[in-house]
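**Student:**
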Amino acid sequence: MPDPINLLDTTFDPEDEYRPEPEPEPAPPAWTDGSVRIGIHTSIAKSYLDALESARKLGCNALQIFSASPRMWSAGPSRIAESVAAEFRARRVELGLGPLVIHANYLINLASTQPMLRTRSIQAFQDELVRGISLGADFLVVHPGSRGESTAEAAVATVAESIRQAVKRVPLGGLRILIENTAGMGTAVGWRLEEVAGILGLLKGVPAGACLDTAHLYAAGYDIRSEAGLTQTIAMIERTIGLERVPVIHVNDSKVALGGRVDRHEHLGKGKIGAEAFARILRHPRLGPSGPEGLPGRAFLLETPIDEPGDDRRNVKQLWELAGKAEQAPEAEKGYSMLTAALQKKVTAQRKAEKKKKTAAETQKSAKKKKG
Ligand SMILES: [Zn+2]
Ligand SMILES: [Zn+2]
25 MPDPINLLDT TFDPEDEYRP EPEPEPAPPA WTDGSVRIGI HTSIAKSYLD
75 ALESARKLGC NALQIFSASP RMWSAGPSRI AESVAAEFRA RRVELGLGPL
125 VIHANYLINL ASTQPMLRTR SIQAFQDELV RGISLGADFL VVHPGSRGES
175 TAEAAVATVA ESIRQAVKRV PLGGLRILIE NTAGMGTAVG WRLEEVAGIL
225 GLLKGVPAGA CLDTAHLYAA GYDIRSEAGL TQTIAMIERT IGLERVPVIH
275 VNDSKVALGG RVDRHEHLGK GKIGAEAFAR ILRHPRLGPS GPEGLPGRAF
325 LLETPIDEPG DDRRNVKQLW ELAGKAEQAP EAEKGYSMLT AALQKKVTAQ
375 RKAEKKKKTA AETQKSAKKK KG
């Protein structure tokens, strides 16, 4: 009788002949090479492609966009035509821009206790995922929402459950969901880092992380302005979310004082946080994009106001300088701004007209009161 073990070893198995090659590991994206990634939120008002060109002209190597109008529920088709998306993806590779971050619509409230609003929010968030995948985005940033009358603990569970429902049947590919910390206005969820961590803790199996906004941290009471406060805040992030789960940082100065709980962004260095603190934040080894303490590919993105033409370009330039990497900044196009003089004129005229209308309505109201 042959040795049974030996028999097993030598028996021919036809499947051996056709063993498929193992799937190649996807190559890590170029932007995770440890270089500093800096960008700004650019406009898709003209087109998706134009947002990429704006990032290039402003001297960025990363960017954030909306994938649809951020303050309206989408009325028309929520998907992007594949020809448009393919052109966008190809151009982005050409320009070497990464990561690409999409900021979700502001109306989405994944924490809502009103069934209608919650269903609508889940649907809109799913649409965001689908558009993000089609544009080849790396991250989709979303605010947790407002809890209304419910407790913070219940809201954390609701947000996680809403996200789970939205990702069902949507293969995310390389897209990751990032929960953004908030300033804590009204009943906003996610102003405490524990709440953001709580949501992530309930999202096991879903590719998710956090996006931290400096203006929101400060307004929520985390003193990132002082050296000691920054050290404390970083320790707090480590204890709750974990820095390895923070691939994107929104770099905004704050119009609002420490703990003011209001979300008002200011130009870098002109707000309550200040340039000195930003230099400390951007150069901190734990917050940087290179090893051994940083996270490769971590991006610093601006969401600063554009009050005057050129504010966008100046803030990007300053961000590179504050990070101590001005020599690595891609060259910006001289004089370029997303806010042109003509556009500024139009916006000013619009605001004036709105103000006039409001005053007229108020005058009419008080006249009626006098009469009655
Ligand atoms: Zn945000
Ligand atoms: Zn932000």
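Quick note on this note's numbering: the sequence shown kicks off at 25 and runs consecutively.
Yeah, the Cβ is synthetic: ideal placement off N, Cα and C, and Gly gets one too.
1) Please report how far the alpha carbon of residue 56 lies from the alpha carbon of residue 227, in whole angstroms.
2) Is the Cβ-Cβ distance between residue 58 and residue 354 less than 8 Å?
3) Indicate whether residue 282 and residue 247 have their beta-carbon atoms separated by less than 8 Å.
4) Comparing alpha-carbon positions, which option in 196, 134 and 350 lies nearest residue 212?
5) I need the straight-line Cα distance from residue 364 to residue 290, nearest angstrom please.
6) Using only alpha-carbon positions, find the residue among 52, 46 and 61 that is nearest to residue 340.
7) Could you tell me the alpha carbon to alpha carbon distance between residue 193 and residue 201, rounded to whole angstroms?
8) For residue 237, which of helix, strand or coil comes out of DSSP?
9) Just the residues with CB closer than 6 Å to a heavy atom of ligand 3, in chain order, which are they?
10) My assumption, with CB atoms under 8 Å, is that residue 128 sits in contact with residue 149. Please give the rounded CB distance.
11) Pull up the DSSP beta-bridge partners for residue 278, would you.
12) Give me the DSSP bridge partner(s) of residue 170.
13) Closer than 7 Å: is that where the CB of residue 397 sits relative to any heavy atom of ligand 1?
14) So, is residue 383 buried or exposed, given that buried needs 16 or more other C-beta atoms within 10 angstroms?
15) Please report the straight-line C-alpha distance between residue 304 and residue 347, rounded to a whole angstrom.
16) With a threshold of 16 other CB atoms inside 10 Å of the CB of residue 272, please say whether the residue is buried or exposed.
**Tutor:** So, to answer that:
1) Walking along the sequence shown from the start, residue 56 turns up at place 32. Walking along the sequence shown from the start, residue 227 turns up at place 203. Near 24 Å, if we compare the C-alpha coordinates of residue 227 and residue 56.
2) On the sequence shown, residue 58 is found 34 positions in, with the first residue counted as 1. On the sequence shown, residue 354 is found 330 positions in, with the first residue counted as 1. Result no, Cβ atoms of residue 58 and residue 354 do not sit closer than 8 Å.
3) What you label residue 282 is simply residue 258 of the sequence shown in a count that begins at 1. What you label residue 247 is simply residue 223 of the sequence shown in a count that begins at 1. Result yes, Cβ atoms of residue 282 and residue 247 sit closer than 8 Å.
4) Here residue 212 refers to the residue found at position 188 when the sequence shown is read from its first residue. With distances taken between Cα atoms, residue 212 lies closest to 134.
5) Taking the sequence shown and counting its residues from 1, one reaches residue 364 at position 340. Taking the sequence shown and counting its residues from 1, one reaches residue 290 at position 266. Rounded to the nearest angstrom, the two C-alpha atoms are 20 Å apart.
6) Taking the sequence shown and counting its residues from 1, one reaches residue 340 at position 316. Of 52, 46 and 61, the residue nearest in Cα terms is 61.
7) Walking along the sequence shown from the start, residue 193 turns up at place 169. Walking along the sequence shown from the start, residue 201 turns up at place 177. Answer to the nearest angstrom: the Cα atoms are 15 Å apart.
8) Translated into positions along the sequence shown, residue 237 becomes position 213. Strand.
9) Ligands displayed in this structure: ligand 1 and ligand 2; ligand 3 is not among them.
10) In the sequence shown, the residue the question calls residue 128 occupies position 104. In the sequence shown, the residue the question calls residue 149 occupies position 125. At roughly 6 Å, the Cβ-Cβ gap stays under 8 Å, so residue 128 and residue 149 are in contact.
11) Residue mapping note: residue 278 aligns to position 254 of the sequence shown, counting from 1. Partner(s): 289.
12) Here residue 170 corresponds to residue number 146 of the sequence shown, with the count starting at 1. Answer is 212.
13) Missing from the structure shown is residue 397; the chain here goes from 25 to 396 and no further.
14) Along the sequence shown, read from residue 1 onward, the residue named residue 383 stands at position 359. So residue 383 counts as exposed.
15) For this step, residue 304 is matched to residue 280 along the sequence shown. For this step, residue 347 is matched to residue 323 along the sequence shown. Approximately 8 Å, taken between the alpha carbons.
16) Counting from 1 along the sequence shown, the entry for residue 272 is found at position 248. Counting Cβ neighbours within 10 Å, residue 272 comes out buried, since at least 16 surround it.
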